[in-house]
Amino acid sequence: GGKDRRSGLILTIPLCLEQTSMDELSVTLDYLLSIPSEKCKARGFTVIVDGRKSQWNVVKTVVLMLQNVVPAEVSLVCVVKPDEFWDKKVTHFCFWKEKDRLGFEVILVSANKLTRYIEPCQLTEDFGGTLTYDHMDWLNKRLVFEKFTKESTSLLDELALINNGSDKGTQQERERSIDLNFLPSVDPETVLQTGHELLSELQQRRFNGSDGGVSWSPMDDELLAQPQVMKLLDSLREQYTRYQEVCRQRSKRTQLEEIQQKVMQVVNWLEGPGSEQLRTQWGIGDSIRASQALQQKHEEIESQHSEWFAVYVELNQQIAALLNAGDEEDLVELKALQQQLSDVCYRQASQLEFRQNLLQAALEFHSVAQDLSQQLDGLLGMLCVDVAPADGASIQQTLKLLEEKLKSVDLGLQGLREKGQSLLDQISNQASWAYGKDVTIENKENVDHIQGVMEDMQLRKQRCEDMVDVRRLKMLQMVQLFKCEEDAAQAVEWLSELLDALLKTHIRLGDDAQETKVLLEKHRKFVDVAQSTYDYGRQLLQATVVLCQSLRCTSRSSGDTLPRLNRVWKQFTVTSEERVHRLETAVAFHSSAEKLLQECPEQPEAFNEMEQFEEIEAVGKSLLDRLTVPVVYPDGSEQYFGSPSDMASAAEHIREKMKLVSLKKQQLRQPEATTPES
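The sequence shown begins at 1 in full-length UniProt numbering and counts up by one.
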């Protein structure tokens, strides 16, 4: 770092006791001489060869080598000799005589005499000078500088190649250049940091005088290194900034290409395998199980689509982020990708939803059809069982159940038609997203199946309705039959009650002719009621015979009720005739008796004959006798009118009337008896 009096640089070559390699020394000198600038080299070098610890032949060899290494730049060579001079061989070689051949002056000088040629401030302490110098510090710093220079130069070349490649004309060439030289061999950030640290260290050297407190000027190589480092740093920063922009553009382009690739993957799958899966799924099934199997298959297809839809959502978010922060040149392409992706995904999602709705409608249709079929089977089973009810109430209940089932079938068929029509409407819209595929055949099969199911259910329902009509008529006839039988039985009961009332309550014969006539008239009306009841029962029984013939069944009641009705009616007729006979006899008795009793006693000629009294007495006696005789029915059974006390009361009235007649008779006889005596 020192300088001679001509401002030339001082080069010190310390020699040691060990064997010195001339090759290594030559390489070292070449390196050291390459450091100064050409301007500095033009001022020449002063070389100090420190031979105090070496031999003369080594020193000689070094001096001669300088002739080959730096003959033009060396102006003076100072060979520092030891205190004890070398042997006399030195005299055989005079350097000053060889100045012209060597090209520089060589002097032998002691260390303490070296200051004659070089200022002490330019010499290190080894030669009695005051120049501060730390060889290891210089060496380490030089190594750092060399490494930085090498790395930065290489990095600059690489960055320039990358950046220049990115500025080429076509996009294809730019991408190919970036692909080949995209990553630098070293980290630019690390190189920049090393350069800044080195520059900071070089700039601080001028103030590094801590040992003696005296500042010193930096060496020429360090002064030269500073602008080199600064220039390299400026170039690195410029190229690195461009490189970062290139990386950003490349990253953006790569991201855009990845998005475009993923978009095309989604689009190609949805328009390819995804659409093909839907193209092969056109059926709706012919039963609930078949529709459920198709739904399960569709769920598998939806599961595969959902994975791609998830990719679509992620891509849509990435595209939206790029649109918000992207350059104007990418907006059109991004929007086109987003629109293409959205169109395909929404179209495919609509197809999936349509297919799902179609299968759900088919499942509901088949479910309603199955329920309706079960209802028809139940109704048909009920109609196929012969009716054997116990009474009219059970028939009414059965008829009500039939009507309810038929109504339920009507509602079920109506629901089936609604579901079927809705399904047909959806199928008719199926061709709108068929991607040009002719779905006429598939749709025709589905339409024929739906219409066939509805027609079959309609026919089955019509057959059941016809059978219900027949069964309803039959059951109504059975209701009428039971009603006729019940009413006929009721007529028998009424007639029996009339007979019972006739026997138990129709006992009085009247106290006079007028009252007896009234009783006789009432009895005739009573008989008319009984006659109507009997005729009503006969008509009902005749109706049961007709209904039984229509129903082709034997009536239990017709064989039992008719004999009962006839038997009760005969009993009533016999009893009624007996009642009429008694009343007529009573009328004759009362009329005759009252007539005799009302006759005036001054007309004895009216009673000339006693036959009338005897006839009245005979009628009364006959009436009394009849009151004690029971009514004998055709079957031999007997029945009395009323209780014995009732009969006794009626007989008492007759007897009293007969007593009056007898008394009247006696009164009429007394005058006849007194006339002969007088």
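Think of the CB as a built atom: it goes at the ideal place given N, C-alpha and C, for glycine as much as any other residue.
Extent of the continuous beta strand (DSSP E) run through residue i
| i | result |
| --- | --- |
| Cys40 | Unbroken run through Cys40 is the alpha helix (DSSP H), Glu38 to Ala42; no beta strand (DSSP E). |
| Val27 | Per DSSP, Val27 belongs to no beta strand (DSSP E); it is in the alpha helix (DSSP H), Met22 to Leu33. |
| Ser75 | Val74 to Val80 |
Terminal residues of the alpha helix (DSSP H) in which residue i lies
| i | result |
| --- | --- |
| Phe613 | Glu611 to Leu627 |
| Asp4 | Careful: Asp4 lies outside any alpha helix (DSSP H) and carries neither H nor E. |
| Ser550 | Ala513 to Leu551 |
| residue 716 | There is simply no residue 716 to check, as the chain begins at 1 and stops at 678 in what is shown. |
Reduced DSSP category for residue i - H, G, I as helix; E, B as strand; rest coil
| i | result |
| --- | --- |
| Cys16 | coil |
| Ile48 | strand |
| Lys407 | helix |
| Ile284 | coil |
| Lys53 | coil |
| Leu183 | coil |
| Ile107 | strand |
| Ile507 | coil |
| Gln598 | coil |
| Val385 | coil |
| Glu638 | strand |
| Leu278 | helix |
| Leu123 | coil |
| Ile450 | helix |
| Ile10 | strand |
Minimum C-alpha distance to residue i - residue among the options
| i | options | result |
| --- | --- | --- |
| Glu615 | Lys665, Thr575, Glu638 and Pro630 | Lys665 |
| Ser34 | Ile13, Glu73 and Thr561 | Glu73 |
| Leu498 | Arg116, Ser576, Tyr117 and Gly378 | Ser576 |
| Gln549 | Leu481, Glu151 and Arg471 | Leu481 |
| Leu551 | Gln375, Thr190, Lys474 and Ile288 | Lys474 |
| Met264 | Gln249, Ile507, Ser303 and Tyr312 | Tyr312 |
| Ile13 | Arg43, Cys40, Val27 and Gly51 | Gly51 |
| Ala648 | Pro634, Gln667 and Thr628 | Thr628 |
| Val470 | Leu402, Asn112, Gln249 and Pro644 | Leu402 |
| His196 | Ala225, Gln397 and Leu233 | Leu233 |
| Gly129 | Phe145, Asn112, Asn140 and Leu161 | Asn112 |
| Ala369 | Gly285, Arg6, Gln239 and Leu315 | Gly285 |
Residue i versus residue j - alpha carbon distance
| i | j | result |
| --- | --- | --- |
| Ala530 | Ala586 | 23 Å |
| Glu307 | Gly274 | 12 Å |
| Arg242 | Lys231 | 17 Å |
| Val409 | Leu503 | 59 Å |
| Lys3 | Gln193 | 33 Å |
| Leu114 | Ile107 | 10 Å |
| Lys595 | Leu565 | 44 Å |
| Leu663 | Asp512 | 18 Å |
| Leu123 | Asn57 | 25 Å |
| Trp269 | Leu334 | 20 Å |
| Glu105 | Asn164 | 53 Å |
| Ser591 | Leu476 | 58 Å |
| Leu379 | Arg472 | 13 Å |
| Gln261 | Gln340 | 13 Å |
| Gln639 | Val468 | 53 Å |
| Ala618 | His581 | 15 Å |
| Thr132 | Val49 | 19 Å |
| Thr505 | Gly642 | 7 Å |
| Pro184 | Gln204 | 31 Å |
| Gly420 | Leu399 | 31 Å |
| Arg43 | Leu32 | 16 Å |
| Leu235 | Gln255 | Looking at the sequence itself, residue 235 is Ser, so the reference to Leu does not match. Using only the alpha carbons, I get a separation of about 29 Å. |
| Ser37 | Glu151 | 21 Å |
| Ile427 | Glu276 | 19 Å |
| Val11 | Asp30 | At residue 11 the sequence reads Leu, which differs from the Val that was named. Going from the Cα of Leu11 to the Cα of Asp30 covers about 12 Å. |
| Glu189 | Ser110 | 52 Å |
| Val332 | Gln348 | 24 Å |
| Glu299 | Gly283 | 15 Å |
| Thr561 | Asp646 | 33 Å |
| Leu143 | Ser200 | 16 Å |
| residue 679 | Asp466 | In the structure displayed, the chain extends from 1 to 678; residue 679 sits before or after that span and is not available. |
| Glu314 | Ala361 | 33 Å |
ask   = Taking contact to mean at least 3 C-beta pairs separated by less than 8 Å, is the stretch 531 to 541 in contact with the stretch 480 to 492?
value = The stretch 531 to 541 is in contact with the stretch 480 to 492.
ask   = Between the stretch 149 to 164 and the stretch 118 to 138, are three or more C-beta pairs nearer than 8 Å?
value = Result no; under three Cβ-Cβ pairs closer than 8 Å.
inquiry  = Under 8 Å, with one C-beta from each stretch per pair, do the stretch 498 to 517 and the stretch 445 to 454 reach the 3-pair mark?
reply    = The answer is no - the stretch 445 to 454 does not touch the stretch 498 to 517, with fewer than three Cβ pairs under 8 Å.
query = Would you call the stretch 400 to 418 and the stretch 347 to 358 in contact, with 3 or more CB pairs under 8 Å?
reply = No, the stretch 400 to 418 is not in contact with the stretch 347 to 358.
ask   = Can you find at least 3 beta carbon pairs, one from the stretch 55 to 69 and one from the stretch 20 to 37, that sit closer than 8 Å?
value = Touching, per the Cβ criterion.
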